[in-house]
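Novice: Sharing a structure with you now.
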Amino acid sequence: HLRGLLVAGFAALRGLKMPKIGFYRNYGKTYKKPRRPFEKERLDAELKLVGEYGLRNKRELWRVQVVLSKIRNAARTLLTLEEKDPKRIFEGQALMRRLYKYGLLNETQDKLDYALALQPNDFLERRLQTLVF
């Protein structure tokens, strides 16, 4: 940061203009490859899901699995806290409200254990392609 500020400062002193960025873009990956690339059971399960839900490629399935793993990881860390912990109460309610808003859980499923029980099928059922056909 400091070096960039110094360069910008010197450029301003010399009358040069710094280039402007027209738009920002997130260059992070949205999926994660499996640890074991040739595990027979996983390959068969993935192929079944890809065929059942009409996914374009397995990368779309891996993207869903990353989102699911982040949700489950958040629920798991919240479950390690005590029941009355304000952080667990606040963030747990926010997580459950988000899952309800996405249509993954019912209003009756208000415990964090339900977030741990989510499967990729629950996400894939919510896709527009699945709902239309």
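For the sequence shown, the working numbering assigns the number 28 to the initial residue and increments by one for each residue that follows.
Glycine included, C-beta positions come from ideal geometry on N, C-alpha and C.
Every value quoted in this text rests on a predicted model; they were computed, and no experiment measured them.
Nearest to Tyr161 by alpha carbon, out of Ile98, Lys56 and Glu73?
Specialist: Beyond the ends of the chain as shown, which are 28 and 160, falls residue 161; an answer cannot be given.
Novice: Scan the region 105-148 and note each continuous alpha helix (DSSP H) run of 4 residues or more that stays entirely inside, going in chain order.
Specialist: Complete alpha helix (DSSP H) runs here, min 4: 113-128 and 139-143.
Novice: Mind checking whether Tyr157 and Tyr80 have CB atoms under 9 angstroms apart?
Specialist: Residue mapping note: residue 157 aligns to position 130 of the sequence shown, counting from 1. Residue mapping note: residue 80 aligns to position 53 of the sequence shown, counting from 1. The identity of residue 157 in the sequence shown is Thr, whereas the question assumes Tyr. Cβ distance < 9 angstroms, so Thr157 and Tyr80 count as in contact.
Novice: With contact counted as at least three CB pairs below 8 angstroms, one residue from each stretch, are the region 59-71 and the region 119-128 in contact?
Specialist: Contact between the region 59-71 and the region 119-128 is absent, because fewer than three Cβ pairs lie under 8 angstroms.
Novice: Could you check the C-alpha separation between Asp144 and Arg52 for me, to the nearest Å?
Specialist: Within the sequence shown, the letter at position 117 stands for residue 144. Within the sequence shown, the letter at position 25 stands for residue 52. The identity of residue 144 in the sequence shown is Ala, whereas the question assumes Asp. Whole-angstrom Cα-Cα distance: 33 angstroms.
Novice: Could you give the first and the last residue of the continuous alpha helix (DSSP H) run that contains Gln157?
Specialist: The residue given as residue 157 occupies position 130 in the sequence shown. Checking the displayed sequence, the identity of residue 157 turns out to be Thr instead of Gln. Note, Thr157: alpha helix (DSSP H), Leu155 to Val159.
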